[in-house]
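Protein chains: 2
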Amino acid sequence: MRVYFTFDSRPDLQKQLVDQFPEIEFAFRKGIVDNDLETAEVIVTYGEDLSAEDIAKAQNLKWIFVASAGVEKMPKEAIAQRNILVSNVRGIHKKPMTESILAHILSIKRILPTIYNNQRNKVWDKRGGRPTELNGSTALIIGPGAIGGEIGRLLQAFDVYTIGCNRSGNPAEYMNETFRMDEISEHLPKTDIVISVLPSTKETEHLIKYEHFQLMKDNAIFMNFGRGNLVETSVLIRALEEQQIQHAVLDVFEEEPLPLESKLWELDNVTISPHCSSHSSRYLERSLEIFIPSLEKYLAGDTNIENKMNILRGY
Amino acid sequence: MRVYFTFDSRPDLQKQLVDQFPEIEFAFRKGIVDNDLETAEVIVTYGEDLSAEDIAKAQNLKWIFVASAGVEKMPKEAIAQRNILVSNVRGIHKKPMTESILAHILSIKRILPTIYNNQRNKVWDKRGGRPTELNGSTALIIGPGAIGGEIGRLLQAFDVYTIGCNRSGNPAEYMNETFRMDEISEHLPKTDIVISVLPSTKETEHLIKYEHFQLMKDNAIFMNFGRGNLVETSVLIRALEEQQIQHAVLDVFEEEPLPLESKLWELDNVTISPHCSSHSSRYLERSLEIFIPSLEKYLAGDTNIENKMNILRGY
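Shown next, in the form of structure tokens:
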């Protein structure tokens with residue numbers, strides 16, 4: 544049996560696999576190689592490199608392990624027709640993304656950008672800036688799912704009061720209260736930090752409008768770590784220019800990469816995180832922590848593996 | 544009765560006091576005024592502005608409330624001789640300092656300095672830097688007292704394994720293990736983050752030596768938020784130049800302000816935090832949260848107030 548990785552991976556991780564599965568022939572490549580496609584029973588991919596033609600060539604393919612959460616760029620129909628097993632690494636982003644969000648919040652509260660600027664200029668300014676504190680704040684989490692819950696858990700450890708907003712208004716884990724999305728306006732005026740980790744659906748496009756920023760506190764922090772189309776870019780720029788809020792931290796944008804001519808680059812009350820909040824040098828290591836038990840199950844004839852997904856449905 | 548503040552305070556906080564204690568005559572000044580000294584029964588000070596001569600002039604003085612943790616600059620003998628009651632705001636630094644420490648750790652792990660630099664240069668570098676994760680790390684806390692315990696509590700919430708080092712080796716709160724200071728060398732090789740919040744005593748001067756940095760991991764973070772004399776500056780510079788560790792975050796220094804000619808300003812694997820880690824715009828508010836109940840007690844004739852201290856002993 545042949546397992547084909549379509550991307551480069553660390554030699555130590557490769558060795559780990561080869562040692563642990565001596566009966567398997569592994570091919571570690573950087574890109575799509577016809578010969579490997581034709582012989583592989585399992586393909587491990589980041590989900591952006593396979594075409595419908597590749598699937599046609601992969602006559603022996605029975606399982607695709609996607610080392611990513613998104614499968615938007617995969618040839619879904621071709622895979623579904625052949626009834627190929629697909630699984631992904633859903634949930635892998637939870638911890639690094641949550642740590643990024645906490646890093647940004649604490650950095651703003653404890654004025655790290657000012658400290659870094661002063662250091663660059665060799666300025667010892669003991670009383671500069673206005674450091675404040677996270678404890679005692681109120682945070683509103685839009686989309687309190689797995690990632691939102693982890694954010695809530697850590698914010699509560701910092702003595703932050705957490706309010707969740709979801710479709711149903713049903714209680715969510717690590718939220719002190721949960722409300723329906725259409726009740727959000729009532730809760731914005733008392734919120735210090737608004738965090739969206741909403742996935743993209745038609746319902747969430749431009750969900751946050753100018754009026755919502757007007758309702759937020761002058762010293763509120765707005766963070767978008769879900770999808771770029773949650774707010775229209777022009778609305779965001781207007782709200783920031785008018786200082787309706789203190790600061791925005793953006794990991795996602797309507798257009799990515801953010802165009803060089805975007806006004807967002809010019810504003811000093813925004814942090815531009817180039818869609819990197821979930822990156823981690825431990826990413827592949829974590830992916831293998833999901834892949835290895837799945838491979839063991841698969842070898843034992845059990846296809847009920849972790850994060851098995853319906854490729855057409857997308858989750 | 545007259546209460547004299549020797550420093551400027553926010554009008555809303557002044558109003559709160561005046562409203563709550565109509566029977567008291569408050570004087571809010573900026574500095575030492577002879578007439579106020581002579582008439583005040585209570586002085587509220589940051590602890591750096593009173594001389595022995597001032598105490599001699601303050602014939603009616605019965606209580607000094609120090610809105611600071613340190614009383615090193617106060618005329619201790621003069622105060623002790625008159626048996627003047629002294630209390631301070633011990634513990635007020637715990638939360639802001641801990642939030643600063645977590646901010647710095649997460650900022651390094653989630654490469655915020657790189658993100659800020661790229662933004663300044665309008666560079667969208669999605670794959671730049673090497674973000675890593677805090678969870679799963681091991682931290683060694685030198686001096687696991689009130690502040691060290693709060694750091695341990697939050698690190699544990701991030702799934703960090705905490706090791707405390709204190710004089711006795713007795714268990715300390717929020718530490719997974721605790722060892723004696725003289726056993727530190729055994730634990731440094733497995734530690735990812737070394738944090739000192741040790742107060743200054745003769746025993747702790749130059750406690751951390753070059754050999755200790757050699758024992759630390761190449762990618763360790765060393766943080767000094769206690770006293771500047773924990774490490775000799777030349778030793779610290781040597782360890783950083785040789786990249787014995789990944790990064791140092793320094794809030795305290797042997798000489799403060801850090802001299803402009805110090806090599807530390809030049810190194811890119813150090814963060815210079817100008818002894819500001821416990822600053823907070825909520826500082827005075829928090830001080831009053833201690834002062835007000837104490838004033839109520841004092842008015843009721845009860846001098847057993849919070850953080851009552853022995854000025855000669857210093858705590």
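Which chain is which? The protein sequence lines are A and B, in order.
Using the working numbering, you'd call the opening residue of the first sequence number 544 and step up by one each time.
Using the working numbering, you'd call the opening residue of the second sequence number 544 and step up by one each time.
The beta-carbon is built from N, C-alpha and C at its ideal position, and this holds for glycine as well.
Model, not experiment: these values are computed from the prediction.
Y589(A) does not reach chain B, its nearest Cβ partner there being about 12 Å away, counting only Cβ pairs nearer than 9 Å. Residues of the stretch 785 to 803 of chain B with a C-beta less than 7 Å from any C-beta of chain A: P800, L801, L803, listed in chain order. Inclusion of G712(A) and P687(A) in the CB contact set at 8 Å is not warranted, their separation being larger than that value. Y858(A) and D668(A) have their alpha carbons spaced roughly 51 Å apart.
Sequence-distant Cβ neighbours of I751(A) in its own chain, meaning closer than 7 Å and more than five residues away, are L773, V774. DSSP places I706(B) outside any alpha helix (DSSP H); the residue lies instead in the beta strand (DSSP E), whose first and last residues are 704 to 709. For the options K616(B), E568(B), P732(B), the alpha carbon positioned closest to that of T681(B) is the one of P732(B).
In this structure, Q563(B) lies near I835(B), with their beta-carbon atoms less than 8 Å apart.
In this structure, I648(B) and I736(B) form a Cβ contact; the two beta carbons are roughly 6 Å apart against a cut-off of 8 Å.
Interface with chain B (8 Å Cβ-Cβ cutoff): R770(A) is excluded. A distance below 6 Å between beta-carbons, with the five flanking residues on each side excluded, links Y704(A) to the following residues of its chain, in chain order: T681, N719. T814, I815, S816, P817, H818, C819, S820, H822, S823, S824, R825: these are the residues of the stretch 814 to 834 of chain B whose beta carbon lies less than 8 Å from some beta carbon of chain A, given in chain order. With respect to the 8 Å criterion, H818(B) and E799(B) are classified as neighbours on the basis of their beta carbons. About 6 Å separates the CB atoms of P674(A) and S823(B); that is less than 8 Å, so the two are in contact. Put simply, the CB of Q662(B) is near chain A, with a gap under 8 Å to one of its CB atoms.
Interface with chain B (8 Å Cβ-Cβ cutoff): T675(A) is included. Y717(B) and G691(B) have their alpha carbons spaced roughly 9 Å apart.
Per DSSP, reduced to three states, the secondary structure at S816(A) is coil, with no helix or strand assignment.
For A782(B), same chain residues with a beta-carbon under 7 Å away, outside a window of 5 residues either side, are Y753, F756, I788 in chain order. Assigned with DSSP and collapsed to three states, F550(B) falls in coil, not helix or strand. Using a C-beta cut-off of 8 Å, the stretch 590 to 604 of chain B makes contact with the stretch 617 to 630 of chain B, since at least three inter-stretch Cβ pairs fall below that distance. Cβ contact annotation for I651(B) (same chain, cutoff 7 Å, sequence separation greater than five): I764, H790, in chain order. Apart from sequence neighbours up to five positions away, the residues of its chain that approach G634(A) with a beta-carbon distance below 7 Å are A689, ordered along the chain. In the displayed model, L556(A) falls within a helix according to three-state DSSP. When secondary structure is reduced to three states using DSSP, S824(B) falls in the coil class, being assigned neither helix nor strand. Interface with chain B (8 Å Cβ-Cβ cutoff): I694(A) is excluded.
A direct Cα-to-Cα measurement between F722(B) and V740(B) gives close to 16 Å.
The shortest C-alpha to C-alpha distance from K616(B) to any of V632(B), P639(B), T588(B) is the one to T588(B). One alpha carbon belongs to K638(B), the other to M766(B), and they sit about 17 Å apart. The CB of D668(A) comes closer than 7 Å to the CB of P817 in chain B, given here in chain order. Here the alpha carbon of L793(A) sits roughly 5 Å from the alpha carbon of I815(A). Bridge pairing for F765(A): V737(A), A791(A) [DSSP]. S594(A) sits away from M852(A), with the two beta carbons spaced by 8 Å or more. Secondary structure note for E754(A): its alpha helix (DSSP H) is the uninterrupted segment 753 to 758.
For secondary structure counted as the beta strand (DSSP E) over 3 or more consecutive residues, the stretch 597 to 674 of chain B holds these complete runs in sequence order: 606 to 609, 628 to 631. Annotation: Cβ neighbours of I658(A) in chain B (cutoff 8 Å, chain order): T814, I815, S816, P817, C819.
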